[in-house]
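Numbering (our numbering), first residue to last: 9 to 153.
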């Protein structure tokens, strides 16, 4: 994947962007930034990002020592904090397909994504953006009834 392709793929995420990116392999000497990012993860986020760690019998200990966790499981990839603009005011055509909507770049949902490579990271950002877009549309459709 080229950077030009990455730009195009980000354009397709309806304004999603990386707010903070940590390449874990590069912060092993100073993990304070990594500790700060994972400090407030709840179990749902741990399970989504690091299912191996979450399912470990030592999960509670690993939550307190992210350095040991990523080393033990060899998770040295990219951890990203993603801001995904909230979408609303959906319009639907006669077939129920989305024909229009508004998105608000200043009002975002914050999600986290982990991947081993930049290409996999972008794929996960696309999936997360699409999942939330569908959720926003479903909520709007439910409220409109």
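We put the CB at the ideal spot given by N, CA and C, even for glycine.
- DSSP, read as helix, strand or coil, puts residue 101 in coil.
- 93 is the residue among 105, 93 and 99 whose C-alpha sits nearest the C-alpha of residue 119.
- Looking at the DSSP output, residue 26 sits in a beta bridge with 90.
- The residues 85, in chain order, have a CB closer than 7 Å to that of residue 124 in the same chain once the five nearest residues on each side in sequence are set aside.
- The three-state reading of DSSP puts residue 64 in coil, since its state is none of H, G, I, E or B.
- Contact annotation: residue 24 and residue 137 have beta-carbon atoms nearer than 8 Å.
- Distance between residue 141 and residue 16, taken at the CA atoms: about 18 Å.
- Checking the DSSP bridge columns, you'll see residue 121 partnered with 88.
- Residue 108 is bridged by DSSP to 99.
- Nearest in C-alpha terms to residue 36, of all of 53, 21 and 83, is 83.
- Straight-line spacing of the CA atoms in residue 100 and residue 68 works out to 46 Å.
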